[in-house]
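**Student:** Residue numbers (my numbering), protein chains in the order written: chain U, -15 to 186; chain L, -15 to 186; chain B, -15 to 186; chain E, -15 to 186.
A virtual CB, placed ideally from N, CA and C, is assigned to each residue, including glycine.
For clarity, every value in this text was computed on a predicted model and none was experimentally measured.
One structure is given below, represented as structure tokens, and several questions about it will come after.
4 protein chains.
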Amino acid sequence: MEDIKYSDKEIAIFKGLIQLIREGVNPYSIKVSDIAKAANIGKGTIYDYFGSKEEVISKAIIYSVGEEIKTITDRIKTKESFKDRFYEVLDTIEKNINDKVSILSILVSSGGIEKFYEFLRDKEYTISNFIELVHLEIKELLDFGRTEGIITAKETEFHQIMTVLGVISSFSYYYNNKDFHKNISTKEAKDTVYRILLKSLN
Amino acid sequence: MEDIKYSDKEIAIFKGLIQLIREGVNPYSIKVSDIAKAANIGKGTIYDYFGSKEEVISKAIIYSVGEEIKTITDRIKTKESFKDRFYEVLDTIEKNINDKVSILSILVSSGGIEKFYEFLRDKEYTISNFIELVHLEIKELLDFGRTEGIITAKETEFHQIMTVLGVISSFSYYYNNKDFHKNISTKEAKDTVYRILLKSLN
Amino acid sequence: MEDIKYSDKEIAIFKGLIQLIREGVNPYSIKVSDIAKAANIGKGTIYDYFGSKEEVISKAIIYSVGEEIKTITDRIKTKESFKDRFYEVLDTIEKNINDKVSILSILVSSGGIEKFYEFLRDKEYTISNFIELVHLEIKELLDFGRTEGIITAKETEFHQIMTVLGVISSFSYYYNNKDFHKNISTKEAKDTVYRILLKSLN
Amino acid sequence: MEDIKYSDKEIAIFKGLIQLIREGVNPYSIKVSDIAKAANIGKGTIYDYFGSKEEVISKAIIYSVGEEIKTITDRIKTKESFKDRFYEVLDTIEKNINDKVSILSILVSSGGIEKFYEFLRDKEYTISNFIELVHLEIKELLDFGRTEGIITAKETEFHQIMTVLGVISSFSYYYNNKDFHKNISTKEAKDTVYRILLKSLN
DNA sequence: GATGAATGAGTGTTCATTCAT
DNA sequence: TATGAATGAACACTCATTCAT
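See below:
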């Protein structure tokens, strides 16, 4: 996955747009004038840097997800134990769950995002690269757990990865539908998925 | 969850529209004329039954998901063992994974669908009801497993539900990203998530 | 030259547009909304009948020139002598000289009109057909003169056609630049070019 | 007709623009950035010398036509006989016929050019001056013919001018529509119009 | 002087919605 | 009841013009 370099202006446009989406605006109803306003620039300037509205939004999503992965990776690295690292992931989900431009949304969207943003189907801007990155991170996390002696069973790598992705998904599902689990605190939910994780890996 | 009754014409409109989406058309680019054409009726007729394009699409999604749940429920009921029932769920996912109007897409979309179809936020058309239905189904499945003696551990109900949702999610993730798991057959993936399920529930 | 059939609505659009151009509006500054207003219809309706603004204007020009040729032909036919017919042509030029959509403008524009309306370069809408029609008319006029015994010399057909086109052009030049010929009345100009015509053809 | 003096930069802008038009670009689709690129200067520089795009194009046309007249006049002067001079005019038309900025296009466009470039209607930039110049040239040509004894008849000056303009027009018409006169060579066409000229003037 | 990045007014085109038939 | 022709509000995109450097 190569890092595409963007100019300051392009990044400013991305940031304004991402902000808009974070605020809950339906990405499909965003107007070019909204993007311009959010970035505090003229409408025409957008077209000096991008070929179409579609392109701005697509690239902004890619950019945002890339940034988010960097952030998560960095944050995880500050933790010293397998458990702390895993909880750090859950914490991050908790913070970003409402963020429609989050890596999580991308991962769990069942390939849906490409359906909506046809631009993302192009090789150059593919989100497939992110899947790979996430895989690498999960593998590193698992190595950490094995080194620590927390993961002992000789399950296949695939089994382990599926377990991690599964518990992450179910936690985010919980968080998205808290109303159905009013008697379960977030702390309990985290502990529960961690318990599932350990049982599956041992 | 009350069952809303639709007229034949309304259902015809839904079916044409759902068909369109299943064919891969970006729901956001569907025009009223497309819906009319797909349903083989005049454009104006749509407005005799619905108040807006938004409403047609939203209700069609609700309708489609409801139908899908009925189908899955019926199919599961034909199986006699816990394992067969669980595998039936995986089989269904396999068949519907590319279906953007599937219950799975709704469940895992992290609340995304409402972001896109504001209409779905209205109480009357809420998809929350489906979450409840799915919960009930999962509970029934778990009862089945306990009765059969396959689930023995005294984990909390929440733990069990989270496990089931987690493995379903990870399987659908696998299926969506098969390219990253070329050496894993679908059969192996199913066996793997079933193994995770058993380990977590025992 | 086949006659393209247009619907009433299309013709209404043409007429409004032609009217606009006749009023002196620069065709290149005409807006779709102007065309719609002139035809007393909604802007969108234009696009139900034509694919683009360019197409409307191009087809309107073709239509208008075709109609004009029909009119001139009919008017000429009402005259019984060679001289009367020729003067009828001059009279028509006099009336249409300010008309930017006139056949004359097309003929003398040195192929310019296609430069401006790229659409007119397409075979289907070519104005070449008109050149042919005009040729036929000129030939008929010359036959008439010969029958009458007014044209006696055995000049080539090409010589005769060039003469007719030449005097028509010079008369229209005169009429366009009357300011340079303040002492020459239109009657005198007509008589002069008729005299040139006779000298060249005899 | 006074000669307007232009700076080197202004002339460079004119030349680039004229070149563009000669290459067949629709004058109405030329962008300021195109003009700047063609002149190899910055876009802003154009506005240091002209008030608007309209002004650049209008003045460039005026300039170009003026230059062309100078060229023709000079070339004609190199010829010693009436016939040679007249044929020189035809030769020039032959060379410039495809040139949309040519004096010929202006003269025969039935006042059309002003319709398109409103700026040209202003007194200061009027093309009327050119009409006068052309008249003078034609008169000089006619004097030459009389002196030589080739023009003998006592036709009015108006008759003579109309004749010259007529044959020039018909020749340019021939050249523009060569496809309709495939069996007539350019040489024959020239001879034909010269013959018409002589018949009318004698 | 010269530039070109930035602007936003302006316009072609689309399409949800209406309503006469 | 059903239709689809007609509409015009809405919006993506362009490009003449400006102005800070």
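Exposed or buried, which one is Ala20(B) when buried takes at least 16 other CB atoms within 10 Å?
**Tutor:** By the 10 Å Cβ count, Ala20(B) comes out buried.
**Student:** Quick one: what does DSSP say Phe34(E) is sitting in, helix, strand or coil?
**Tutor:** Of the three classes helix, strand and coil, the one that applies to Phe34(E) here is coil, per DSSP.
**Student:** Could you tell me the alpha carbon to alpha carbon distance between Asn24(E) and Phe155(E), rounded to whole angstroms?
**Tutor:** Spanning the two alpha carbons is a distance of roughly 38 Å.
**Student:** Give the residues from the segment 150 to 163 of chain E that approach chain B closer than 7 Å (Cβ to any Cβ), ordered along the chain.
**Tutor:** Correct list: Gly150, Val151, Ser153, Ser154, Ser156, Tyr157, Tyr158, Asn160, Asn161.
**Student:** Determine, for Thr136(E), whether the minimum Cβ-Cβ distance to residues of chain B falls below 7 Å.
**Tutor:** Judged by the 7 Å Cβ criterion, Thr136(E) is not in contact with chain B.
**Student:** Please name the residues in the segment 167 to 183 of chain L whose beta-carbon is closer than 8 Å to at least one beta-carbon of chain U, in chain order.
**Tutor:** Those residues of the segment 167 to 183 of chain L that come within reach of chain U (Cβ to Cβ, closer than 8 Å) are Ile168, Glu172, Ala173, Thr176, Val177, Arg179, Ile180, Lys183.
**Student:** Are Val148(E) and Val177(E) touching if we call contact CB-CB under 7 Å?
**Tutor:** Against a cut-off of 7 Å, the Cβ pair of Val177(E) and Val148(E) comes out as no contact.
**Student:** Between Leu4(U) and Asp18(U), how many whole angstroms is the CB-CB distance? I'm expecting something under 8 Å.
**Tutor:** Indeed, because the Cβ distance is near 6 Å, the residues count as touching under 8 Å.
**Student:** Considering only C-alpha positions, which residue in the set Glu121(E), Ser65(E), Tyr(-10)(E), Phe164(E) is nearest to Phe34(E)?
**Tutor:** The candidate whose alpha carbon is nearest that of Phe34(E) is Tyr(-10)(E).
**Student:** By the criterion of Cβ-Cβ separation under 7 Å, what are the contact partners of Thr147(E) in chain B?
**Tutor:** Per Cβ cutoff of 7 Å: Ile180.
**Student:** Output yes or no for whether 7 Å exceeds the beta carbon distance between Asn239(U) and Ala137(U).
**Tutor:** Because chain U in this structure spans residues -15 to 186, residue 239(U) falls outside the shown range and cannot be described.
**Student:** Which of helix, strand or coil does DSSP assign to Gly133(B)?
**Tutor:** Three-state result, Gly133(B): coil.
**Student:** Apart from the five residues on each side of it in sequence, which residues of its chain come closer than 6 Å, Cβ to Cβ, to Thr76(U)?
**Tutor:** Closer than 6 Å at the Cβ level, and outside the excluded window around Thr76(U), lie Ile56.
**Student:** Shorter than 7 Å from the beta carbon of Phe142(L) to some beta carbon of chain U?
**Tutor:** Closer than 7 Å to some Cβ of chain U, the Cβ of Phe142(L) qualifies, so yes.
**Student:** Kindly list, in the order they appear in chain B, the residues whose Cβ is closer than 7 Å to that of Tyr71(E).
**Tutor:** Those do not exist, as Tyr71(E) stays about 16 Å from chain B at its closest Cβ, beyond 7 Å.
**Student:** Strictly under 7 Å for the Cβ-Cβ distance: is Val115(L) near chain U by that measure?
**Tutor:** The sequence shown places Ile at residue 115(L), not Val. By this cut-off, Ile115(L) is an interface position.
**Student:** For the alpha helix (DSSP H) holding Val151(U), just list the boundary residues, first then last.
**Tutor:** It spans 141 to 160 - the alpha helix (DSSP H) in which Val151(U) sits, taken as one unbroken run.
**Student:** How would you list, in chain order, the residues of chain L whose beta-carbon sits under 9 Å from the beta-carbon of Tyr47(U)?
**Tutor:** Correct list: empty, because the minimum Cβ distance to chain L is about 19 Å.
**Student:** For Gly8(L), report the span of its alpha helix (DSSP H) as first-last.
**Tutor:** Note, Gly8(L): premise wrong, no alpha helix (DSSP H); not H, not E.
**Student:** Using CA atoms only, rank isn't needed, just tell me which of His143(B), Leu125(B), Lys(-1)(B), Gln144(B) is closest to Ile41(B).
**Tutor:** Closest option to Ile41(B), Cα to Cα, is Lys(-1)(B).
**Student:** Could you tell me which uninterrupted beta strand (DSSP E) segments, each at least 3 residues in length, are contained entirely in the segment 22 to 73 of chain E, listed from first to last along the chain?
**Tutor:** DSSP runs (the beta strand (DSSP E)) wholly in the segment 22 to 73 of chain E: none.
**Student:** I'd like to know whether the C-beta of Tyr12(B) is nearer than 7 Å to at least one C-beta of chain E.
**Tutor:** Yes, Tyr12(B) lies at the interface with chain E (some Cβ there is under 7 Å from its Cβ).
**Student:** Can you look up Asn113(U) in the DSSP assignment and give me helix, strand or coil?
**Tutor:** Note: Asn113(U) maps to helix in three-state DSSP.
**Student:** Counting only the same chain and skipping the five closest in sequence on each side, list residues whose C-beta sits under 6 Å from that of Ile135(L).
**Tutor:** Gly129, Leu185, listed in sequence order.
**Student:** Does Lys183(U) come out as helix, strand or coil in the three-state DSSP assignment?
**Tutor:** In this structure, Lys183(U) counts as helix in the three-state DSSP scheme.
**Student:** Assign Ser13(E) to buried or exposed, taking buried as 16 or more other Cβ atoms, counted over all protein chains shown, within 10 Å of its Cβ.
**Tutor:** With fewer than 16 Cβ atoms within 10 Å of its Cβ, Ser13(E) is classed as exposed.
**Student:** With a cut-off of 8 Å on the beta carbons, I'd call Ile201(E) and Leu117(E) a contact; round off their distance for me.
**Tutor:** Only positions -15 to 186 of chain E appear in the structure, and residue 201(E) is not among them; the question remains open.
**Student:** Helix or strand or just coil, what does DSSP make of Ile(-5)(E)?
**Tutor:** In this structure, Ile(-5)(E) counts as helix in the three-state DSSP scheme.
**Student:** Let me make sure I understand the geometry here. Which of Lys67(U), Thr62(U), Glu78(U), Leu1(U) has the alpha-carbon closest to that of Lys43(U)?
**Tutor:** When each option's Cα is compared against that of Lys43(U), the closest is Leu1(U).
**Student:** Which residue from Tyr158(B), Lys37(B), His143(B) puts its Cα closest to that of Ser169(E)?
**Tutor:** Closest option to Ser169(E), Cα to Cα, is His143(B).
**Student:** Report buried or exposed for Lys79(B), applying the criterion of at least 16 other Cβ atoms within 10 angstroms of its Cβ.
**Tutor:** Exposed, by the Cβ-count rule.
**Student:** For a cutoff of 7 Å on Cβ pairs, would you count Gln3(E) as touching chain B?
**Tutor:** No - not a single Cβ of chain B is within 7 Å of the one on Gln3(E).
**Student:** Does Asn80(E) come out as helix, strand or coil in the three-state DSSP assignment?
**Tutor:** Residue state, collapsed to three classes: helix.
**Student:** Around the Cβ of Ser36(U), are there at least 16 other Cβ atoms within 10 angstroms (buried) or fewer (exposed)?
**Tutor:** When all chains shown are included, Ser36(U) counts as exposed.
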